[in-house]
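Chemist: Residue numbers (my numbering): 13 to 240.
Quick one: this structure, given as structure tokens, is what I'll be asking you about.
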């Protein structure tokens, strides 16, 4: 299928309607939205595109829109009246960037919580490693009489049992907290790596498309020169 400005406008309208940027890069939800966009467009005459072609076309339009905006801001390009496509792409890009910032803040929040969980687990471990002797020394009263100390000594057996029980419970809680912290940390790392890989793939593909476009333009120029 050959893309025209009218088809680009229709694609931009569909993107604004379905909002694929509301979902994370590489997520199943975002892929489903792109598939829905392609399916919606294919119900109109002249549209026969798969999901990948729709995504690739938007990548090209986005890159051109950003380049145009940069040239206008730097004074190196002309500033004609914005078309419907220009306005639609500008709105899409703004919403996309806002969504990316929100995802980034969410990742930072998760990283902060992970750090707090690790510190909590560390403190629990320190407390669980405390010995019965340390606990007794800290809680002992130097003014106690010898008789009071002997009574406490007789109760030492039950104190030890109670301490071991509490120590066991604390150690179990620590292990649970440590396991949850490790799971959260690994999940966050996996998500960040996945996003980095997706961004790298998109960047590489955009460069490939740009090279193809440049080659096609060069071939067209050569053909026009030959016809002349």
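Ideal Cβ positions, reconstructed from N, Cα and C, are used throughout, including at glycine.
What you are looking at is a predicted structure, and each value in this text was computed from that prediction instead of being measured.
#1: Exposed or buried, what is residue 131 when buried is set at 16 or more other beta-carbons lying within 10 Å of its beta-carbon?
#2: If you draw a straight line from the C-alpha of residue 202 to the C-alpha of residue 196, how long is it?
#3: Tell me the rounded alpha-carbon separation between residue 38 and residue 46.
#4: Whole-angstrom Cβ separation of residue 20 and residue 97, contact assumed at under 8 Å?
#5: What separation, rounded to the nearest whole angstrom, lies between the Cα atoms of residue 104 and residue 28?
#6: Here's a check: name, in chain order, each residue in its chain whose Cβ is nearer than 6 Å to the Cβ of residue 33, leaving out the five neighbours to either side.
#7: What residue does the alpha helix (DSSP H) around residue 20 start on, and which one ends it?
#8: How is residue 70 classed by DSSP in three states: helix, strand or coil?
#9: Just how far apart, CA to CA, sit residue 26 and residue 117?
#10: Using the Cβ count rule (16 or more neighbours within 10 Å means buried), how would you classify residue 49?
Modeler: So, from the data block:
#1: The residue labelled residue 131 in the question sits at position 119 within the chain shown. Label assigned to residue 131: exposed.
#2: Numbered from its first residue, the chain shown carries residue 202 at position 190. Numbered from its first residue, the chain shown carries residue 196 at position 184. Going by the C-alpha atoms only, they are around 10 Å apart.
#3: What you label residue 38 is simply residue 26 of the chain shown in a count that begins at 1. What you label residue 46 is simply residue 34 of the chain shown in a count that begins at 1. Rounded to the nearest whole angstrom, the CA to CA distance from residue 38 to residue 46 is 11 Å.
#4: Taking the chain shown and counting its residues from 1, the one referred to as residue 20 is at position 8. Taking the chain shown and counting its residues from 1, the one referred to as residue 97 is at position 85. Between residue 97 and residue 20 the Cβ distance is about 5 Å, and since that is below 8 Å, they are a contact.
#5: For the purposes of this step, residue 104 is identified with residue 92 of the chain shown, where counting begins at 1. For the purposes of this step, residue 28 is identified with residue 16 of the chain shown, where counting begins at 1. Those two C-alpha atoms are separated by around 6 Å.
#6: In the chain shown, counting from the first residue as 1, residue 33 sits at position 21. Excluding five sequence positions before and after residue 33, the CB atoms of its chain that fall closer than 6 Å to its own CB belong to 107, 108 and 111, given in chain order.
#7: On the chain shown, position 8 is the one that residue 20 refers to. Start and end: 17–30.
#8: Here residue 70 refers to the residue found at position 58 when the chain shown is read from its first residue. Reduced to three states, the DSSP call for residue 70 is helix.
#9: Here residue 26 refers to the residue found at position 14 of the chain shown. Here residue 117 refers to the residue found at position 105 of the chain shown. Cα-Cα distance, rounded: 27 Å.
#10: Position 37 of the chain shown holds residue 49. Buried is the call here.
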